[in-house]
Amino acid sequence: MATLSAEEKAIYEWQMWLPQVGEAGQKKLKGASALVSRCGGLGGQVCYSLAAAGIGQLIIAHSGVLKPSDLNRQILMTHAGLGKPRIDSAVRRLKELNPRLEIVAVPENISAANVEGLVKQADIVFDCAPLFTERFLMNRECVRQRKPMIEAAIFGLEAQITTFIPGLTPCLSCLYPEAPPHWKRQFPVLAAIPAMAASIAALEGIKQIVGFGKSLAGTLLYYDGADISFQKIPIARRPDCPVCGKV
Amino acid sequence: MHIQLFYFAQIRQEAGTSTIELLLGDQATVLQALTVAVDLHGEAFRKLILTGSNQLQPCIILLVNGIPVPEGIRTILKNGDCLSLFSPVAGG
């Protein structure tokens with residue numbers, strides 16, 4: 003198990019006061035590695051929360067350069083980064099917060115070519131991608147490698163979050179057997195919505211790593227920011243699921 | 056009988072409203088409720104929730120009174136039931 007330096011003990015003192023975390027939990031966080039697919043409105047906040055909490059390693063996969071329309075929600079980006087690779091800005095901001103954090107920066111999105119290797123390096127996966135092709139690729143690989151995947155997604159003022167644990171819970175393909183034919187790459191979004199979804203997702207991941215609390219496994223958390231309403235929807239495995247049906 | 060439909064995500068956007076109330080005959084099914092909703096909201100809404108053969112699109116989550124129903128769109132409704140329709144989202 004990882005050991006904590008005097009500096010780390012000082013930084014994480016207040017969260018180690020939580021009986022559910024303590025020094026043992028903090029060591030588990032330091033020893034953990036998380037893959038975050040994309041570091042935009044959702045993934046950026048997930049990375050930031052995990053970095054602040056003291057996770058040992060982040061593997062971040064995100065291609066492309068920063069555009070003006072990213073700046074309304076992508077908190078790891080800065081105005082000065084316009085036109086430059088988003089992954090560079092993400093690494094810089096995270097290192098400013100937590101210079102002890104080890105970051106594997108991957109300037110690519112999740113693809114069939116890289117998904118196996120990236121999931122292999124991680125203990126847990128955070129799915130924050132805007133495209134279902136990437137989400138389904140990660141889901142399949144997480145099931146194959148028996149890695150938990152925290153699923154967070156938003157649309158407008160609404161968000162959906164759940165935790166997939168291969169063999170125990172439904173997987174993404176149980177929930178959505180097919181990609182929705184009408185999904186569009188561009189969608190309405192206000193920063194506070196993905197930030198809130200990402201905070202819940204990060205907490206779900208920390209609970210998985212440290213091992214406390216009751217997770218969203220088997221439950222889809224839906225919230226509507228328009229009236230701040232929450233709904234917990236039970237979700238079930240599909241016995242005929244082509245991805246996890248035999249796990 | 057009175058039935059309330061709640062829409063979420065893209066379905067809400069396509070319907071242009073988050074909820075509607077329907078007046079249906081006794082023993083009406085979920086499909087009958089959805090058919091009335093389609094008449095109100097139009098073809099794009101229909102394509103979002105139903106297949107060409109009037110089955111629920113596989114990616115749509117349907118709840119009756121907050122609970123998934125094993126009978127799906129063949130579920131017989133009761134007065135006061137609330138139907139919820141969720142479409143998948145992936146945004147970040």
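Taken in sequence, the protein lines are chains A and B.
Under the working numbering, residues 3 to 249 are what the first sequence spells out, in order.
Under the working numbering, residues 56 to 147 are what the second sequence spells out, in order.
Here a beta-carbon is modelled for each residue, glycine too, at the ideal position from N, C-alpha and C.
By the 7 Å beta-carbon criterion, what residues does the stretch 162 to 180 of chain A contribute toward chain B? Gln162, Tyr178, Pro179, Glu180
Environment of Gln76 (chain A) [buried if 16+ CB atoms lie within 10 Å]: In the first sequence, counting from the first residue as 1, residue 76 (chain A) sits at position 74. When all chains shown are included, Gln76 (chain A) counts as buried.
List, in order along the chain, the chain A residues whose C-beta lies closer than 7 Å to that of Leu118 (chain B)? Here residue 118 (chain B) is taken as the residue at index 63 of the second sequence, counted from 1. Result: Ile235.
Taking Cβ-Cβ distances shorter than 7 Å, what residues in chain A pair up with Val93 (chain B)? In the second sequence, residue 93 (chain B) corresponds to position 38, counting from 1. Chain A residues near Val93 (chain B): none, gap ~15 Å exceeds 7 Å.
On the CB-based measure, 16 or more other CB atoms within 10 Å of its CB, does Met3 (chain A) come out buried or exposed? Taking the first sequence and counting its residues from 1, the one referred to as residue 3 (chain A) is at position 1. When all chains shown are included, Met3 (chain A) counts as exposed.
What residues in the stretch 146 to 159 of chain A have a beta carbon less than 9 Å from any beta carbon of chain B? Ala154, Ala155, Ile156, Phe157, Gly158
Nearest neighbour of Asn2 (chain A), chosen from A:Phe214, A:Ala194, A:Gln233, A:Ile208 [CA to CA]: Limits of chain A in this structure are 3 at one end and 249 at the other, which puts residue 2 (chain A) out of reach.
Does the stretch 129 to 145 of chain B come within contact of the stretch 170 to 187 of chain A, defined as at least 3 CB pairs closer than 8 Å? yes
Which residues in chain B sit within 9 Å of Val191 (chain A), going by Cβ to Cβ distance? As a working note, residue 191 (chain A) is residue 189 in the first sequence. Within 9 Å Cβ-Cβ: Gly146, Gly147.
Starting from the beta carbon of Leu103 (chain B), find every residue of chain A whose beta carbon is closer than 9 Å, and list them in chain order. Numbered from its first residue, the second sequence carries residue 103 (chain B) at position 48. What Leu103 (chain B) touches in chain A: Pro182, Pro183, His184.
Tell me where the beta strand (DSSP E) around Phe141 (chain B) begins and ends. Numbered from its first residue, the second sequence carries residue 141 (chain B) at position 86. Per DSSP, Phe141 (chain B) belongs to the beta strand (DSSP E) from 137 to 141.
Quick check: is any heavy atom of the ligand NAP less than 7 Å from the C-beta of Glu160 (chain A)? Of the ligands one can find in the structure shown there are none, so the ligand NAP has no counterpart to examine.
Val121 (chain A) to Ala107 (chain A), Cα distance in whole Å? One-based indexing of the first sequence puts residue 121 (chain A) at position 119. One-based indexing of the first sequence puts residue 107 (chain A) at position 105. Val121 (chain A) and Ala107 (chain A): Cα-Cα distance of roughly 14 Å.
Residues in the stretch 126 to 141 of chain A with C-beta within 7 Å of chain B's C-beta atoms, listed in sequence order? Cys130, Ala131, Pro132, Leu133, Phe134, Arg137
With a CB to CB cut of under 7 Å and the five nearest residues on each side skipped, what residues in its chain are close to Asp136 (chain B)? Mapped onto the second sequence, residue 136 (chain B) falls at position 81. Answer for Asp136 (chain B): Ile58, Val119, Asn120, listed in chain order.
Given a threshold of 16 other Cβ atoms within 10 Å of its Cβ, counted over all protein chains shown, does Val212 (chain A) qualify as buried or as exposed? The residue given as residue 212 (chain A) occupies position 210 in the first sequence. Val212 (chain A) is buried by the Cβ-count criterion.
Between the alpha carbons of Asn141 (chain A) and Leu174 (chain A), how many angstroms are there, rounded? Residue mapping note: residue 141 (chain A) aligns to position 139 of the first sequence, counting from 1. Residue mapping note: residue 174 (chain A) aligns to position 172 of the first sequence, counting from 1. Their backbone Cα atoms lie some 6 Å apart in a straight line.
Could you check how far apart the C-beta atoms of Leu111 (chain B) and Leu103 (chain B) are, in whole angstroms? I think they sit under 8 Å. What you label residue 111 (chain B) is simply residue 56 of the second sequence in a count that begins at 1. What you label residue 103 (chain B) is simply residue 48 of the second sequence in a count that begins at 1. Taking a contact as a CB-CB distance under 8 Å, the pair Leu111 (chain B) and Leu103 (chain B) does not count as one, their CB atoms being some 11 Å apart.
Determine contact between the stretch 72 to 89 of chain B and the stretch 165 to 172 of chain A, defined as no fewer than three beta-carbon pairs at a distance below 8 Å. no
Chain-ordered chain A contacts of Gly121 (chain B) [CB-CB under 8 Å]: Taking the second sequence and counting its residues from 1, the one referred to as residue 121 (chain B) is at position 66. Chain A residues near Gly121 (chain B): Gln233, Ile235.
Which of the three DSSP states, helix, strand or coil, is assigned to Ser51 (chain A)? Here residue 51 (chain A) refers to the residue found at position 49 when the first sequence is read from its first residue. Ser51 (chain A) falls in the helix class under three-state DSSP.
Would you decide whether Ile61 (chain A) is buried or exposed? Buried here means 16 or more other CB atoms lie within 10 Å of its CB. Taking the first residue of the first sequence as position 1, residue 61 (chain A) is located at position 59. Buried, because 16 or more other Cβ atoms sit within 10 Å of the Cβ of Ile61 (chain A).
Opposing strand residues paired with Leu60 (chain B) [DSSP bridges]: Against the second sequence, residue 60 (chain B) aligns to sequence position 5. Per DSSP, B:Ile75, B:Leu138.
Enclosing alpha helix (DSSP H) for Glu153 (chain A) [first to last residue]: As a working mapping, residue 153 (chain A) is identified with position 151 in the first sequence. Careful: Glu153 (chain A) lies outside any alpha helix (DSSP H), inside the beta strand (DSSP E) at 151 to 157.
Identify which residue in A:Tyr225, A:Glu180, A:Ala26 has its Cα closest to the Cα of Thr135 (chain A). Along the first sequence, one-based indexing puts residue 135 (chain A) at 133. Nearest option by C-alpha distance: A:Glu180.
Name the chain B residues that come within less than 8 Å of Tyr14 (chain A), Cβ to Cβ? Position 12 of the first sequence holds residue 14 (chain A). Those within 8 Å of Tyr14 (chain A) in chain B number zero; the least Cβ separation is about 28 Å.
First through last residue of the beta strand (DSSP E) which encompasses Ala161 (chain A): Residue numbering aside, residue 161 (chain A) sits at position 159 when the first sequence is read from its first letter. Counting along the chain, the beta strand (DSSP E) containing Ala161 (chain A) begins and ends at 160 to 166.
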